[in-house]
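Scroll down for the structure; my scribbles are underneath it.
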Amino acid sequence: SQQGEEDPQALSIQEGENATMNCSYKTSINNLQWYRQNSGRGLVHLILIRSNEREKHSGRLRVTLDTSKKSSSLLITASRAADTASYFCARDTGRRALTFGSGTRLQVQP
Amino acid sequence: GAGVSQSPSNKVTEKGKDVELRCDPISGHTALYWYRQSLGQGLEFLIYFQGNSAPDKSGLPSDRFSAERTGGSVSTLTIQRTQQEDSAVYLCASSLALAGSYNEQFFGPGTRLTVL
Chain W
4 SQQGEEDPQA LSIQEGENAT MNCSYKTSIN NLQWYRQNSG RGLVHLILIR
54 SNEREKHSGR LRVTLDTSKK SSSLLITASR AADTASYFCA RDTGRRALTF
104 GSGTRLQVQP
Chain R
10 GAGVSQSPSN KVTEKGKDVE LRCDPISGHT ALYWYRQSLG QGLEFLIYFQ
60 GNSAPDKSGL PSDRFSAERT GGSVSTLTIQ RTQQEDSAVY LCASSLALAG
110 SYNEQFFGPG TRLTVL
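The listed protein sequences derive, respectively, from chains W and R. Count along the first sequence starting at 1, add 3, and that's the number in my numbering. Count along the second sequence starting at 1, add 9, and that's the number in my numbering.
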């Protein structure tokens, strides 16, 4: 079963607005990664945050990690229609295979 | 190659038939993973290969599922006597999996399996 979940399950915003997605988990992690998936096919790696990091930026993406609360958030600033996709967090617990949540489906309205 | 490739991209089969799904990882990546994704769901881990080590098969849902990786490169996932609940997108990923690395995985486009 999935260890942890993203919320919200679905999010619809207007172009230019910010989108925030959250991820919670239950076990300790080595790192946490965020992936994007278009049209139910291959996933693309967006950003990785290590367990000893609290915040990381990559372009319009900002990821935070709170290991005491076992939660992470992904913020996409100034969203674009092209950001429409599903976003997944994946926990690396040292078992090599990542543990994925059920994802957040983001719809950015032009 | 430039990325992970999978074939076929789509497969429609009849219940009870066997299917084989293929994955070509990125050249030089020693780790290879298979995941399954049902409609609207997250990824379910199936099996993991690392170099010449015994594969981690802990995610395989039944003994109808098997996988092999020949020569440390190409992998084939076989599903025997397919059932309708096997319908899903099967995703393959590879990574460098160096000691102390942080395991960024590169995914193929997936194979969409439909069992009628």
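Beta carbons are placed, not taken as given, at the ideal position from N, Cα and C, and that holds for glycine. Here the structure is a predicted model, which means the values were calculated and not measured.
Secondary structure at threonine 120 of chain R: strand, using DSSP grouped into helix, strand and coil. By DSSP's assignment, glutamate 58 of chain W forms a beta bridge with W/Thr67. The beta-carbon separation of leucine 46 of chain W and phenylalanine 74 of chain R, rounded to 21 Å, does not stay under the 8 Å limit for a contact. When the five nearest sequence neighbours on each side are left out, the beta carbons in the same chain lying within less than 7 Å of the beta carbon of asparagine 34 of chain W are those of Leu51, Ile52, Arg53, Ser54 and Asp95, in order along the chain. Cβ neighbours of proline 118 of chain R within its own chain (closer than 7 Å, five residues either side excluded): Gln15 and Ser18.
Residues Thr123 and Leu125 of the same chain have their beta carbon placed closer than 7 Å to that of valine 21 of chain R, with the five preceding and five following residues left out of the count. Close to chain R, meaning a Cβ-Cβ distance shorter than 8 Å, are the following residues of the stretch 44 to 68 of chain W: Arg44, Gly45, Leu46, Val47, His48, Leu51 and Arg53.
When the beta-carbon positions are compared, glutamine 36 of chain W and leucine 101 of chain W come within less than 8 Å of each other. Of the candidates R/Gln50, R/Val28, R/Gly25 and R/Gly60, the residue whose Cα lies closest to the Cα of tyrosine 42 of chain R is R/Gly60.
For asparagine 34 of chain W, the enclosing beta strand (DSSP E) begins and ends at 34 to 40. DSSP places glutamate 94 of chain R in the helix class (H, G or I) of the three-state scheme. Against chain W, the beta carbon of glycine 119 of chain R has neighbours under 7 Å at Arg44 and Gly45, listed in chain order. Chain-ordered listing is empty here: chain R has no CB closer than 8 Å to the CB of serine 76 of chain W, the nearest sitting near 17 Å. The criterion of a C-beta distance shorter than 8 Å is satisfied by tyrosine 44 of chain R and alanine 102 of chain R. The alpha-carbon of phenylalanine 103 of chain W is positioned some 10 Å away from that of glutamine 50 of chain R. With distances taken between CA atoms, serine 89 of chain W lies nearest to W/Gly106 out of W/Gly97, W/Leu78 and W/Gly106. The beta carbon of alanine 97 of chain R is closer than 7 Å to those of Arg45, Gln46, Ser47 and Leu122 in its chain, skipping five residues each way along the sequence. Residue-level contact check: phenylalanine 54 of chain R touches chain W, since one or more beta carbons of chain W fall below 8 Å from its beta carbon. Rounded to whole angstroms, the gap between the alpha carbons of valine 28 of chain R and leucine 86 of chain R is 8 Å. Cβ neighbours of aspartate 69 of chain W within its own chain (closer than 8 Å, five residues either side excluded): Arg57 and Ser75.
At a cut-off of 8 Å between beta carbons, glycine 19 of chain W makes no contact with chain R.
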